[in-house]
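Only one structure is covered here, and it is reproduced in the block below.
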Amino acid sequence: MKHIRSLKSSAALTAVFLTAASGAFGATTVNGTGFELKGLVGVGRLPSNLLDEHGETFGSISGLYADTSTWVRNGDTYSGAFYAAPDRGYNVAGTIDYTARLNRIEMTFTPAPLTGGNLPQNQIQLSLTQSTKLYETLVGGGRRDISGLDPVPGGVATGGARPATGSLPELPQAYNGKLSLDAEGIVKLSDGSMLVSDEYGPSIYRFAADGRFVGALPVASSVRPIRNGVTDYSSNNATVGQPAPNPANPTFGRQNNQGFEGLSLSPDGKTLFVALQSANRQDGGVNASSSTRDHTRLFTYDVSDPDAVTLTGEYVVQLPKFSQAGSDRVAAQSEIYAVSDSQLLILPRDSNGFAVGLEESLLRRVDVVDISAATNILNQSYEGTIAPGGVLNPAIVPALYVPFLDVNDNSQLNRFGLVNGNVDGFDNLSEKWEGLTLVSALDPVNPNDYFLIIANDNDFMTTDGFHAGSAYDGGTDIDTMFLAYRVTITPAVPEPSAALMVLAGVGLLGAYRLRRRTAA
């Protein structure tokens with residue numbers, strides 16, 4: 005990694021950093037939790053022109069959730085189910101009426117050795133087994149699909165939003181009366197329902213297992229986009245024949261296409277984390293490549309009771325920077341994964357990759373965030389604006405941010421015929437990596453070992469696509485890809501299903517010893 009962001013805060017916070025975190029890329033300790041990278045051990049692909057059960061082009065990975073209750077090991081091979089949220093559909097020339105959905109993917113995974121090269125890209129075998137469309141039921145019967153269409157500019161007054169009710173917050177709406185959803189994250193609650201984070205609102209929708217809309221979570225007013233004095237959820241990506249917003253970007257709240265990009269549950273299932281992709285407009289988030297949009301916001305919710313969710317916290321996370329074309333830029337975050345109720349993995353990246361920008365990424369990582377000593381700014385007098393012009397309010401202590409895993413490390417990628425950049429004979433990584441999850445290695449010898457899995461979002465790019473009743477040619481083919489890294493986290497992540505497996509193993513061992521004593 006060429007560009008490592010320095011922590012720019014008070015001397016006191018710097019002292020906290022030095023005592024709380026140590027190490028370099030691939031090995032670090034954060035407030036007593038050790039993170040160690042052992043290496044890249046698996047690659048897998050789904051073809052760019054894959055169709056789902058509805059005959060439409062598969063939506064790739066904007067959000068990824070591992071159903072750990074299905075994760076099993078048989079010898080050296082693992083298998084399990086994952087849920088993926090695609091975003092709003094193919095939208096190079098404006099958004100389309102693509103029905104939002106959740107996809108179920110079955111994985112079979114036989115890890116490669118940690119050493120050696122000339123490895124194929126087939127350790128991870130993937131199959132799309134289900135595609136559940138999201139919808140709402142109508143009064144009097146019938147259903148209406150949830151759409152990827154950009155909300156109408158103007159908010160409630162123009163039909164661009166549903167007014168808040170006693171049980172629902174204000175929600176973005178398309179010109180055809182459908183709820184608008186640009187999905188970016190997904191988690192499963194204890195009752196089997198799904199939460200899906202959205203960039204338009206930004207919102208957090210809740211759906212039953214069959215895809216039925218059952219509710220939405222409250223959202224802090226600090227991130228709601230404001231134009232002309234009203235909440236206006238348009239992202240300036242109107243469909244053909246619909247008006248564009250004026251001004252193009254909000255003056256307050258989330259920036260266009262920079263809403264709730266990261267979503268994760270704590271291991272005990274009680275705390276929900278959700279993060280903006282980058283800073284609010286009023287906090288220096290003036291455009292996609294601005295060097296001042298690094299103070300993003302991370303929210304916590306108590307979801308112990310899925311029917312009585314409460315917003316409990318709001319924290320500042322300072323995103324890493326890199327240099328491109330002689331100027332500093334911010335690597336916006338694309339996903340988060342909670343390893344405790346105060347620590348998360350986070351996936352920041354630039355906008356370079358195969359067929360995009362410089363094509364060689366300058367920053368693409370998985371890092372560690374710790375909020376245990378950070379200021380909870382929820383309901384504080386300064387909550388609305390925390391970093392005018394990109395300068396953080398000195399009253400706020402941001403989350404601890406520590407680099408960990410360099411996805412662009414060619415010494416790892418080259419072993420599988422992959423590369424960061426254009427090199428003959430190697431496959432260049434695509435731009436958008438937006439899926440991040442963790443599953444146990446189920447290794448009794450190394451009980452703290454996990455597979456950290458990241459996946460890309462191909463933006464439906466294929467030369468052989470079909471959406472919303474029409475064929476399309478995206479001009480290039482970008483496969484959906486999964487990368488699996490073996491990592492050690494100490495102490496172990498207390499994932500509920502893994503804990504149950506350990507208890508089951510202890511029970512079997514006890515029974516075995518009892519039988520031996522009885523036989524003796």
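The opening residue of the sequence shown carries number 5 in the numbering used here; numbering runs sequentially from there. In this text, a Cβ means the ideal position worked out from N, Cα and C, and glycines have one as well.
{"Check": "With distances taken Cα to Cα, identify the nearest neighbour of Ile400 among Ile208, Thr300, Val45, Lys182.", "Outcome": "Thr300"}
{"Check": "So, under 8 angstroms CB-CB, Ser52 and Asp481 are touching, yes? Tell me the CB distance rounded to an integer number of Å.", "Outcome": "4 angstroms"}
{"Check": "Helix, strand or coil, according to DSSP, for Leu417 in the structure here?", "Outcome": "helix"}
{"Check": "May I ask you to report which of helix, strand or coil DSSP gives Thr389?", "Outcome": "coil"}
{"Check": "So, for Gly181: in the same chain, excluding its five sequence neighbours on each side, which residues have a beta-carbon less than 6 angstroms away from its beta-carbon?", "Outcome": "none"}
{"Check": "If you count every other CB in all the chains shown that lies within 10 Å of the CB of Glu339, and 16 or more means buried, which is it?", "Outcome": "buried"}
{"Check": "Is it buried or exposed, Gly79, if we count other Cβ atoms within 10 angstroms and call 16 or more buried?", "Outcome": "exposed"}
{"Check": "Closer than 8 angstroms by C-beta to Ile190: which residues in its own chain qualify, once you throw out the five before and the five after it? Chain order, please.", "Outcome": "Gly67, Leu68, Tyr69, Tyr87, Ala88, Ala89, Leu106, Met198, Leu199, Val200, Ser201, Leu267"}
{"Check": "Is it true that the CB of Ile100 sits closer than 8 angstroms to the CB of Thr484?", "Outcome": "no"}
{"Check": "For the beta strand (DSSP E) that contains Tyr319, what are its first and last residues?", "Outcome": "314-322"}
{"Check": "For Gly215, I'd like the list of residues in its chain whose CB is within less than 8 angstroms of its CB, leaving aside the five on either flank, ordered along the chain.", "Outcome": "Arg105, Leu106, Thr136, Lys137, Leu138, Tyr139"}
{"Check": "Does the Cβ of Gly439 have 16 or more other Cβ atoms within 10 Å, making it buried, or fewer, making it exposed?", "Outcome": "buried"}
{"Check": "Return the residue from the list Asn450, Leu409, Gln416 that minimises the CA-CA distance to Ser123.", "Outcome": "First, the residue type needs correcting, since residue 123 is Leu and not Ser in the sequence shown. It is Gln416 whose Cα lies nearest to the Cα of Leu123."}
{"Check": "Which whole runs of the beta strand (DSSP E) in the stretch 202-258 are 3 residues long or more, in chain order?", "Outcome": "207-211, 217-220"}
{"Check": "Need the endpoints of the beta strand (DSSP E) that Asp332 sits in, please.", "Outcome": "331-334"}
{"Check": "Count the C-beta pairs between the stretch 407-426 and the stretch 358-371 that are closer than 8 angstroms, then say yes if the count reaches three, no if not.", "Outcome": "yes"}
{"Check": "Is DSSP giving Ser501 helix, strand or coil here?", "Outcome": "Confidence in Ser501 is poor, its pLDDT being 46 and thus under 50, which makes the residue's placement too unreliable to answer from."}
{"Check": "Quick one: what's got a C-beta closer than 6 angstroms to Val527's C-beta in the same chain, skipping five residues either side?", "Outcome": "In the structure as shown, the chain starts at 5 and stops at 524, and residue 527 therefore has no counterpart that could be examined."}
{"Check": "What does the alpha-carbon distance come out to for the pair Asp463 and Pro398?", "Outcome": "39 angstroms"}
{"Check": "Alpha carbon to alpha carbon, how far is Thr235 from Tyr179?", "Outcome": "16 angstroms"}
{"Check": "Assuming the contact rule is C-beta atoms closer than 8 angstroms, Asn424 and Glu364 should be a hit. Round their C-beta distance to whole Å, please.", "Outcome": "6 angstroms"}
{"Check": "Excluding the 5 residues preceding and the 5 following Thr112 in the sequence, name in chain order all residues of the same chain whose CB lies nearer than 6 angstroms to its CB.", "Outcome": "Ser83, Gln129"}
{"Check": "How many Å lie between Ala242 and Gly163 at the Cα?", "Outcome": "14 angstroms"}
{"Check": "Is the distance from the Cβ of Gly219 to the Cβ of Arg228 below 8 angstroms?", "Outcome": "no"}
{"Check": "Exposed or buried, which one is His471 when buried takes at least 16 other CB atoms within 10 Å?", "Outcome": "buried"}
{"Check": "Would you mind stating whether Gln347 and Glu265 have Cβ atoms separated by less than 8 angstroms?", "Outcome": "no"}
{"Check": "Quick check on DSSP: helix, strand or coil for Val525?", "Outcome": "This structure cannot settle anything about residue 525, because the visible part of the chain is limited to 5 through 524."}
{"Check": "Evaluate contact between the stretch 306-326 and the stretch 373-382, counting only Cβ atoms and requiring at least three cross-stretch pairs below 8 angstroms.", "Outcome": "yes"}
{"Check": "Taking Val334 as the reference, give the member of Gly48, Thr296, Leu362, Tyr341 with the closest Cα.", "Outcome": "Thr296"}
{"Check": "If you drop the 5 nearest sequence neighbours on each side, which residues of the same chain put their C-beta closer than 6 angstroms to that of Phe303?", "Outcome": "Val278, Glu318"}
{"Check": "Using 10 angstroms around the beta-carbon of Asn126, count the other beta-carbons present and answer buried if the total reaches 16, otherwise exposed.", "Outcome": "exposed"}
{"Check": "Where DSSP assigns a beta bridge to Leu267, which residues make up the other side?", "Outcome": "Val278"}
{"Check": "Taking the CB atoms as reference points, tell me whether Leu193 and Val320 lie closer together than 8 angstroms.", "Outcome": "no"}
{"Check": "Which term fits Arg147, buried or exposed, when burial requires 16 or more other beta carbons within 10 angstroms of its beta carbon?", "Outcome": "exposed"}
{"Check": "Going by the beta-carbon positions, is the gap between Phe48 and Leu41 smaller than 8 angstroms?", "Outcome": "For clarity, residue 48 is Gly in the given sequence; the question names Phe instead. No, the pair does not count as a contact, with Cβ atoms beyond the cut-off."}
{"Check": "Tell me the rounded alpha-carbon separation between Phe455 and Pro448.", "Outcome": "15 angstroms"}
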